[in-house]
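In the working numbering, the protein residues as written are 75 to 165.
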């Protein structure tokens, strides 16, 4: 008698997974100007998930459009805030 293997769950990379990965890598703040910060996050997603630069940029854009990722300016400097609440709600 052969044992049937249960099908493995297929992982679908979406904004929630990307947001959690960015938060794990950078914390809640990526201190950098707009373009270098977005590039660092794109590259982190490429490295973490093995996706193309275009796919990673689209994920960053989706996070930004949802409000989970916001570029902010404070007296201490500029950078991207990764909003944990919004990322978790998207999950």
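Where a beta carbon is used, it is the ideal one built from N, C-alpha and C, also for glycine.
| Item | Value |
| --- | --- |
| is_contact[residue 155, chain D] using C-beta, thresh 8 angstroms | Considering every chain present, this structure includes no chain D. It has just one protein chain. |
| Own chain residues within Cβ distance below 8 angstroms of residue 125, not counting five before or after | 87, 119, 133 |
| N-terminal and C-terminal residue of the alpha helix (DSSP H) that residue 111 is part of | 108–123 |
| One or two residues paired with residue 93 in a DSSP bridge | Note: residue 93 sits in no beta bridge, so no partner. |
| Exposed unless 16 or more other CB atoms sit within 10 angstroms - verdict on residue 96 | buried |
| Beta-carbon spacing of residue 93, residue 146 below 8 angstroms | no |
| Other residues of its chain near residue 136: CB distance less than 7 angstroms, five sequence neighbours each side excluded | 89 |
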